[in-house]
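Quick note: to get the numbering used here, add 5 to the position in the sequence shown (first position is 1). Note that the Cβ used here is the ideal one computed from N, Cα and C, for glycine as well. It should be emphasised that the depicted structure is a prediction, and the values quoted were computed from it without experimental measurement. Right, one structure below, let's go through it.
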Amino acid sequence: GKKLKLDALKVQYSASVSTLRETLNRLASDGFVEAPEQRGFLVRKMSNEDLIELSNLRVLLECAALKASLAFGDEDWEGNLVSAHHKLAMICKKIMDGEVVPPERRLHYDWEFHFALVRACNSRHMIAVFQNVYEKYIGYQLVLRNYRWAKALEEHQLIFEAALARDAEVATDLLKSHLHKSLSFSLVAN
Numbered sequence: 006g007k008k009l010k011l012d013a014l015k016v017q018y019s020a021s022v023s024t025l026r027e028t029l030n031r032l033a034s035d036g037f038v039e040a041p042e043q044r045g046f047l048v049r050k051m052s053n054e055d056l057i058e059l060s061n062l063r064v065l066l067e068c069a070a071l072k073a074s075l076a077f078g079d080e081d082w083e084g085n086l087v088s089a090h091h092k093l094a095m096i097c098k099k100i101m102d103g104e105v106v107p108p109e110r111r112l113h114y115d116w117e118f119h120f121a122l123v124r125a126c127n128s129r130h131m132i133a134v135f136q137n138v139y140e141k142y143i144g145y146q147l148v149l150r151n152y153r154w155a156k157a158l159e160e161h162q163l164i165f166e167a168a169l170a171r172d173a174e175v176a177t178d179l180l181k182s183h184l185h186k187s188l189s190f191s192l193v194a195n
């Protein structure tokens, strides 16, 4: 709800007011900034209701896209999935061993894995919507700064195995469960 003041942003980002307005208008159209009539730009408010809605959208989009990816995915899709899963598993193990890893890096590997699962869905529009919803969801993860790495590592492993086996029913059930558990953990921790 904080007001985004163009003069301060101009100094902070060394950008013109017109560039900032265009950027903020784009962020508003994607839902990252609010732009009430004649009141400038505001930081989008966060709430448990919004987090729940984003999580439910992730379930719908990601499960549908995963089913399609399992049908259309080729060897390149599998290779990307193996690579993304490996990197995520390695970063999770480092975190669980006590290594300090910046949250942005942790969440980047989580994004890579989830994106690798759905990237072969054969629908650029579904991918674009999924990416937008995912980015908003991750905004909450960055603010809440909590994550259940050990449990998520186990869940990612099972999702990964089901995806490689091309078992759409098991993979989507596991993914749905993973997303619901992540939401529950975020709401309780909040």
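Per DSSP, the bridge partner or partners of residue i
| i | result |
| --- | --- |
| Glu54 | DSSP lists no partner for Glu54. |
| Val38 | Val48 |
| Lys8 | Leu47 |
Terminal residues of the alpha helix (DSSP H) in which residue i lies
| i | result |
| --- | --- |
| Val22 | 22-34 |
| Leu148 | In the sequence on display, residue 148 carries Val and not Leu. Note, Val148: alpha helix (DSSP H), 129-149. |
| Leu156 | For the record, residue 156 in the displayed sequence is Lys; it is not Leu. Note, Lys156: alpha helix (DSSP H), 154-169. |
| Asp12 | 11-18 |
Bounding residues of the beta strand (DSSP E) (the contiguous stretch that carries residue i)
| i | result |
| --- | --- |
| Val48 | 46-48 |
CA-to-CA distance, residue j to residue i, given in whole angstroms
| i | j | result |
| --- | --- | --- |
| His185 | Lys99 | 25 angstroms |
| Tyr142 | Val148 | 10 angstroms |
| Ala133 | Gly78 | 18 angstroms |
| Leu65 | Glu58 | 11 angstroms |
| Leu163 | Val16 | 48 angstroms |
| Ser189 | Arg63 | 14 angstroms |
| Tyr139 | Lys156 | 20 angstroms |
| Asp35 | Leu25 | 15 angstroms |
| Ser23 | Leu32 | 14 angstroms |
| Leu56 | Tyr145 | 7 angstroms |
| Leu75 | Glu27 | 39 angstroms |
| Ala173 | Asn85 | 18 angstroms |
| Phe37 | Leu29 | 9 angstroms |
| Glu80 | Lys8 | 48 angstroms |
| Pro107 | His90 | 19 angstroms |
| Met131 | Glu160 | 24 angstroms |
| Lys10 | Gly45 | 8 angstroms |
| Trp82 | Ser187 | 25 angstroms |
| Trp116 | Val105 | 19 angstroms |
| Asn61 | Cys126 | 19 angstroms |
Neighbour-count burial assignment, residue i, 16 or more Cβ in a 10 Å radius
| i | result |
| --- | --- |
| Tyr114 | buried |
| Arg171 | exposed |
| Ser52 | exposed |
| Glu121 | Checking the displayed sequence, the identity of residue 121 turns out to be Ala instead of Glu. Buried, because 16 or more other Cβ atoms sit within 10 Å of the Cβ of Ala121. |
| Leu192 | exposed |
| His119 | buried |
| Arg110 | exposed |
Minimum Cβ-Cβ distance from residue i to chain C less than 7 angstroms
| i | result |
| --- | --- |
| His130 | Looking at the structure shown, chain C is missing, and only one protein chain is on hand. |
For the stretch 85-129, which segments carrying the alpha helix (DSSP H) assignment without a break, of at least 4 residues, lie completely within its bounds, in sequence order?
Qualifying alpha helix (DSSP H) stretches, in chain order: 108-123.
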